[in-house]
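Residue numbers (this note's numbering), protein chains in the order written: chain A, 4 to 361; chain B, 4 to 361; chain C, 4 to 361; chain D, 4 to 361.
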């Protein structure tokens, strides 16, 4: 008997179900012994508090194209994992207890950066763990791509497309604030795909004067409007130069809902132009996975299933140089994959005339 | 020689180009004399300041499916129309002067409520005016439908769809703030299409306690999440009972970015649930027109073209009881088409279990 | 106890599930007595052979946006309904027997023309029947609109949009064959929405010479390409003039896969132009319902539910002049809603320059 | 003065305009001397017959998101390139003459396999040539990816999605015939993304008995329907074993419109199941490019622009192991990138339970 626990952790994204379907199908189709899949509810919470259900074939029917996660998810921050919960429960011990009580052979975890740190911890504590790289941010170290990313690019780009017609009609400056946490992959790709004039990403702190220059230069050349794709984690050169403490203090007294509104305000004051902000927000992690993500998540799921069949544990399934690879969890945990400001794609974007506000 | 001026006014929407293409094609294909079309730039501003260009066939090629307006648009509030501009120019006189100088036979105006008031004024001043009902809000009196509306419903619904998967995964209460100005057509339709649990529209002021009741009742029944479609013009029973002055005063000191954030805050405080707000904003008026709007706008454009060929002026082209009709401008101007709270669609929605927060 | 049987019959379409969800929700939310819903499998077959299952709330969760039908469907032609099946079973008697055995209060049938004839028969046989107008063809008499239609228009239009770019790039004549059975609503609307140059519908038999003239005229004017939307039921003037017998004979020896290929062949021979045919086929009845259909089907479902609560039977729920109406089944059965060739929309399309091949 | 000729050749696809925009922007934004871009009409025909136009900035405005090619395209088969045309014109000499007459510094060619052979020939004849890998088939040697491919995957997958609901409702076997010429990239990816049960690709000749076995096995397990993604170039084991001559002879007398219809017929005869075929056809190369392709084509265009600025000629811009590379034209010309039947993605698909009819 092969007993497998599975959970999805952190912010949800598209293709979580597709990936889980892949794991389930590959293991149940190919295992030489009977298989039981236990789905933990709402991420690590389900593992901590022993909330789970047995998963059956029908649970995985027709979910390839459905966004979200059939298991539910939640955020259990890694930095609190060693703290007891409000009732004094030791979370790590509780997770191990659930694992052993169910006599699991392994735990499959679909999650992003923080969740993978916890997975690594459990692995070090002796559990058999396999993880899959889930995040629309594409910021997981050890893999060139994460599932959810391309679907989010599609949605963010569509948002820019829709703003494009109205920006053009009204001759406005429009800021679209795009997710991506502390890295710029999502705004960079959506920005290029949407034909943005300016793209501001965390990896390249911006100079607001340069941003304003670009807009005024576009005005002079007769362009009626400008589109700015701003990462939710975009940061000005000045803020980037602040000490961590000073920056925290600034944020504590921040008068804007988000960085985009600050940029909008400064542009409006400097140029007198109408500036509007649109925030697609959580839509970027919702809806049906795009075909790219369905294929990619199915493949990752298949590889994870194969690792379980082979008894290879302690790895994240990754994709590097167009090959599926096993990445040791300790290599992944706690490391962020950011954009190198000298990367070829940045250079190409600049050649195309896109400003990064430098 | 038939000389026709054309302009698009107010907030842009999908299918403006489709409608103008319809007018242009019908007149140029069927007129017995040579035709010249003048496109005024940026709405009434172009008419006031004499900024226009001659429109050619190629201007109308491939624009059936393109959102926005090739003429540009702007808002020139009706209530300021009789005030001189900053340089002392009499706007009404200036518009008439441009019209007569160009020896126009008529003016075609595509616009919503405010813009139609100005069109009516120009008509009363002796100009030949034909208007088309443009607005995503569907609030124009005299027509059952306006173009832009169905495209906006599609976008707002898609937004709810995308939020649906993430709300479900995280077990959250989600508010989607939907456009529609002071009427509820857009949030009502998108809310039903998106399977919202609660829909708050301006025509039915809400009681926040009832809203909270519904969410708690859903909790009790084991539903993990709730979706609330909130009109940007939604108003609480208390606020609706305020005098106009008192309400203005409240808004002046309003601490929330919009009504959705107030509702979110109150629900969060009362229930302890995580509540999130998503505002699709200007995306709702952008992007390609949906097929329904392309057909509808083309038909309206064709009817407007026919009215020009027939020399029938002073009307808005409308659609009533599945028939194309001519509605006298003085009937339309200044009247709003709101939802009757006892309408059949509201009754049906309630039977379906949707709460309006009453 | 209220016992309700439900089935979906004929070709499937989008929003069948949305409509059934509407019926179920309204009845179970509002009935004063306990309710049981029985879903018959695969249309009338389920009723004939007593194949059904009890439907529960969870069956209707998350299906508002899912195409197809959770009950399955099949075609049981009306003209064979009085014939015994291959085992000698009397179908009508069998359906009545299932109905009475389950002690049903009524039967809800979602179907098109043929299926409604059978529903009418059952009604005349004494069963309580309510029907909902399901068809992408929009050809049901007694209602201005059917659900599925607008979703199909969206898909057929998107197909034309996609063909448009490739037709333009290659300078080709392209025929898109659009569903609609023997009526032209679907190709007419998709054709206008997609900017077709020629639209051929069953209600206006075409003259191939006129079709060729239009293409050659477009060539002369320098247009690189032409788009022809052809109804699957399009018919030439010559064929329309044949006796029914002679026409059947022609079809029996027909050398083309469908009428579009005949038209393509004749144009190619006459003009020497490259002509291509695209047949979106069954995709037109598949995929997620568009927001319009979700609202419309939910409303129809709600009205059907209300009729059940009120004990009003023997009707199809219809929509006429923007009002929900009850249409007696005997009025609907066997009547087709076709396009009047002198209808305003046809006139408008002609003014826009669209040819109907007359 | 830098004079650049540009042409698009072969079947069109999405993102051709995006790629050309990239080349144009990068060169005109960054060249140190004046630049003139000449666009040849309809592929090599424009170069042969001297049909071209000067391209201006406005030609590249708003085309990032528009499918097709603003230059037009055509197929001029490589194998006829050395044959004189019907008027006796030497095509190769004519192309060189146009190039020299316009004093071009280089020629940019966007095309697939055949077109790249001609580009290589021109390069060997002394012209400066840069090419970009255009094809929905993804079969170009020397690059891991071609633009157009991902957009076509999206469209083919959406087609499978739409068929999925109707197949499920009616309990049918459905075949979707997917483009890809003689390679299986497109059907393989769309098939996995669409959840196909069977995928037939040219690289893995199928055994119809095995295909039928899979369908019958699914029947036995209670699955109501089956989805088969068939490459337009799929081939049976028997046909693959024929000599080239024998196979040509077979095709000459082929009674089916395409291979899918033959497979459908054989399944229907063997199983008695209803089998339907859907052919999305040219829609797969039409419509707006997906965000992935917009980014990818823009990047390729930028690299091609940089090569022109650097005076590096004789290369196709490619993408290998996540790096932009220059691939010598003589390496690319005449070589096909097919799927290795032992590739990891094939293995994964099999683990997932997908049959390749082996």
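Don't be surprised by glycine CBs; every beta carbon is placed ideally from N, CA and C. In this text, all values refer to a predicted model and were calculated from it rather than measured experimentally.
Next on the checklist: Let's see if you can read the secondary structure: which residues bound the beta strand (DSSP E) around residue 404 of chain D?
Outcome noted: Because chain D spans 4 through 361 in this model, residue 404 of chain D falls outside it and cannot be assessed.
Next on the checklist: Starting from residue 331 of chain C, trace the beta strand (DSSP E) in both directions and tell me its first and last residue.
Outcome noted: Per DSSP, residue 331 of chain C belongs to the beta strand (DSSP E) from 326-331.
Checklist entry - Looking only at C-alpha atoms, which of C:199, C:94 and C:39 sits nearest to residue 9 of chain C? => result Ranking the options by Cα distance to residue 9 of chain C, first place goes to C:39.
Checklist entry - Whose C-alpha, out of A:232, A:228, A:5 and A:339, is nearest the C-alpha of residue 173 of chain A? => result The shortest CA-to-CA distance from residue 173 of chain A to any of A:232, A:228, A:5 and A:339 is the one to A:228.
Checklist entry - residue 232 of chain A bridges to which residues according to DSSP? => result Per DSSP, A:179 and A:202.
Checklist entry - Can you tell me the Cα-Cα spacing of residue 43 of chain B and residue 99 of chain B, whole angstroms? => result Whole-angstrom Cα-Cα distance: 13 Å.
Next on the checklist: Can you give me the C-alpha to C-alpha distance between residue 220 of chain D and residue 246 of chain C, rounded to a whole angstrom?
Outcome noted: Taking the straight line joining both Cα atoms gives about 48 Å.
Next on the checklist: For a cutoff of 8 Å on Cβ pairs, would you count residue 172 of chain B as touching chain C?
Outcome noted: So no, residue 172 of chain B is outside the interface.
Item to check | Contacts of residue 162 of chain C in chain D (Cβ-Cβ under 7 Å) | outcome: By Cβ distance, chain D contributes 286.
Next on the checklist: Taking only three categories from DSSP, how would you classify residue 162 of chain B?
Outcome noted: DSSP, read as helix, strand or coil, puts residue 162 of chain B in helix.
Checklist entry - Taking Cβ to Cβ, would you say residue 236 of chain A is nearer than 8 Å to residue 272 of chain A? => result Contact: no.
Checklist entry - Within the chosen definition, does the stretch 303-313 of chain D reach the stretch 347-354 of chain A through at least 3 CB pairs nearer than 8 Å? => result Yes: the two stretches touch, three or more of their Cβ pairs being nearer than 8 Å.
Checklist entry - By the criterion of Cβ-Cβ separation under 9 Å, what are the contact partners of residue 295 of chain A in chain D? => result Think of a sphere of 9 Å around the beta carbon of residue 295 of chain A: the chain D residues whose beta carbon falls inside it are 153, 156, 157, 192, 196, 293 and 295, in chain order.
Checklist entry - Is the number of C-beta pairs between the stretch 316-325 of chain D and the stretch 116-134 of chain D that are closer than 8 Å three or more? => result Contact annotation: the stretch 316-325 of chain D touches the stretch 116-134 of chain D, with at least three C-beta pairs closer than 8 Å.
Checklist entry - Does the beta carbon of residue 42 of chain A come closer than 8 Å to any beta carbon on chain B? => result So no, residue 42 of chain A is outside the interface.
Next on the checklist: Which residue wins for smallest C-alpha separation from residue 52 of chain B, given the options B:87, B:30 and B:26?
Outcome noted: Per the Cα distances, B:87.
Checklist entry - Alpha carbon to alpha carbon, what distance is there between residue 120 of chain B and residue 234 of chain C? => result Looking at the backbone, the Cα of residue 234 of chain C and that of residue 120 of chain B are separated by about 43 Å.
Next on the checklist: Are the CB atoms of residue 154 of chain C and residue 296 of chain C within a distance shorter than 8 Å?
Outcome noted: Yes, Cβ-Cβ distance for residue 296 of chain C and residue 154 of chain C is below 8 Å.
Next on the checklist: Please list the terminal residues of the continuous alpha helix (DSSP H) segment that includes residue 51 of chain B.
Outcome noted: Element bounds for residue 51 of chain B: 47-51.
Checklist entry - Taking buried to mean at least 16 other C-beta atoms within 10 Å of its own C-beta, is residue 36 of chain A buried or exposed? => result Exposed is the call here.
Item to check | Contact list for the stretch 344-357 of chain D against chain A, Cβ threshold 7 Å | outcome: Shown in chain order are the members of the stretch 344-357 of chain D whose Cβ falls below 7 Å from a Cβ of chain A: 347, 348, 351, 354, 355 and 356.
Item to check | Limits of the unbroken beta strand (DSSP E) element including residue 4 of chain B | outcome: That residue, residue 4 of chain B, is in no beta strand (DSSP E); it is neither H nor E in DSSP.
Item to check | Residue environment, residue 182 of chain C, which counts as buried when at least 16 other CB atoms sit within 10 Å | outcome: Label assigned to residue 182 of chain C: buried.
Checklist entry - Buried or exposed: residue 287 of chain C, going by 16 or more other Cβ atoms within 10 Å of its Cβ? => result Residue 287 of chain C comes out buried.
Checklist entry - What residues match up with residue 339 of chain B in a beta bridge as DSSP calls it? => result Answer by DSSP bridge pairing, in chain order: B:143.
Item to check | Residue-level contact to chain D via CB, residue 15 of chain C, 8 Å cutoff | outcome: For residue 15 of chain C, the closest Cβ of chain D is nearer than 8 Å.
Checklist entry - Using the rule of at least 16 other Cβ atoms within 10 Å of the residue's Cβ for burial, across every protein chain shown, is residue 50 of chain B buried or exposed? => result Label assigned to residue 50 of chain B: buried.
Checklist entry - Shorter than 8 Å from the beta carbon of residue 71 of chain A to some beta carbon of chain B? => result Yes, because at least one Cβ of chain B sits closer than 8 Å to the Cβ of residue 71 of chain A.
Checklist entry - Which runs of the alpha helix (DSSP H) fall wholly inside the stretch 260-320 of chain A and span at least 4 residues, in chain order? => result As far as the stretch 260-320 of chain A is concerned, its whole alpha helix (DSSP H) runs of at least 4 residues are 262-274 and 294-313.
Next on the checklist: Considering only the alpha carbon of each residue, which of C:345, C:359, C:328 and C:344 lies closest to residue 146 of chain C?
Outcome noted: Selection C:345, C:359, C:328 and C:344 evaluated against residue 146 of chain C yields C:328 as nearest (Cα-Cα).
Checklist entry - Based on the DSSP secondary-structure assignment, which residues constitute the bridge partners of residue 109 of chain C? => result Beta-bridge analysis with DSSP links residue 109 of chain C to C:7.
Checklist entry - Do you know offhand how far residue 123 of chain A's Cα is from residue 202 of chain A's? => result Cα-Cα distance, rounded: 35 Å.
Checklist entry - Are there 16 or more other CB atoms within 10 angstroms of the CB of residue 48 of chain A, so buried, or fewer, so exposed? => result With 16 or more neighbouring CB atoms inside 10 Å of its own CB, residue 48 of chain A falls in the buried class.
Checklist entry - For residue 46 of chain C versus residue 95 of chain C, is the C-beta distance shorter than 8 Å? => result Going by C-beta atoms, residue 46 of chain C is not nearer than 8 Å to residue 95 of chain C.
Next on the checklist: DSSP three-state label for residue 156 of chain B, please.
Outcome noted: Three-state DSSP puts residue 156 of chain B in a helix.
Next on the checklist: Using the Cβ count rule (16 or more neighbours within 10 Å means buried), how would you classify residue 161 of chain C?
Outcome noted: Per the 10 Å Cβ criterion, buried.
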